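In the working numbering, the protein residues as written are 4 to 133. A quick write-up on the structure given underneath.
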Ligand SMILES: [Zn+2]
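What follows is the structure, given as structure tokens:
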């Protein structure tokens, strides 16, 4: 159901772009590392929906690395910089907010940080050259 909602949101955005006379060449669906997502299921939904609104439009589903920024010392780090157990990793995938319980700034130890990237899904697109 989750993947369905994501595919719907992506398709809605594609529709908007087409509506603005954007000549889309390719879209990239960037799924955050913290996002629990079944890429195969998303692909199935995308294949189903995309031919309705933009037949032939190429797309790819990619994973986007999570980026964190400390609100205290401004240090920036990645998920690979922190040690998480398998269970913690799992928990974070189901509830991205849980990241605050398991991760703290590697530099100053603060748990007051922002998830700059790696949550949710972003759409990046390329347009046809004139
Ligand atoms: Zn810090």
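Think of the CB as a built atom: it goes at the ideal place given N, C-alpha and C, for glycine as much as any other residue. Everything numeric in this text was worked out from a predicted model, so none of it was measured.
Contact the region 37-56 vs the region 4-14: 3+ CB pairs below 8 Å: yes
Which residues DSSP lists as bridging residue 83, in chain order: Per DSSP, none; premise fails for residue 83.
Does the Cβ of residue 108 have 16 or more other Cβ atoms within 10 Å, making it buried, or fewer, making it exposed? buried
Within 5 Å of ligand 1: residues by beta-carbon to any heavy atom: 73, 75, 76, 78, 108, 110, 111, 113
DSSP state of residue 130, grouped into three classes? strand
Grouping DSSP H, G and I as helix and E and B as strand, with all else coil, what is residue 46? helix
Bridge-paired residues (DSSP) for residue 33: 65, 125
Check the C-beta distance from residue 39 over to residue 97 and give it rounded, since I have them as a contact under 8 Å. 5 Å
Using beta-carbon positions only, say whether residue 126 and residue 33 come within less than 9 Å of one another. yes
Just to check my reading of the structure: residue 2 and residue 114 have Cβ atoms closer than 8 Å, yes? What is that Cβ distance to the nearest angstrom? As displayed, the chain neither begins before 4 nor continues past 133, which places residue 2 out of reach and without an answer.
Roughly how many whole angstroms lie between the Cα atoms of residue 132 and residue 90? 47 Å
Looking at residue 103 and ligand 2, is the gap between the Cβ and the nearest heavy atom below 8 Å? Ligands in the displayed structure: ligand 1; ligand 2 is not one of them.
If you count every other CB in all the chains shown that lies within 10 Å of the CB of residue 99, and 16 or more means buried, which is it? buried
Those residues which DSSP pairs with residue 118 across a bridge: 71
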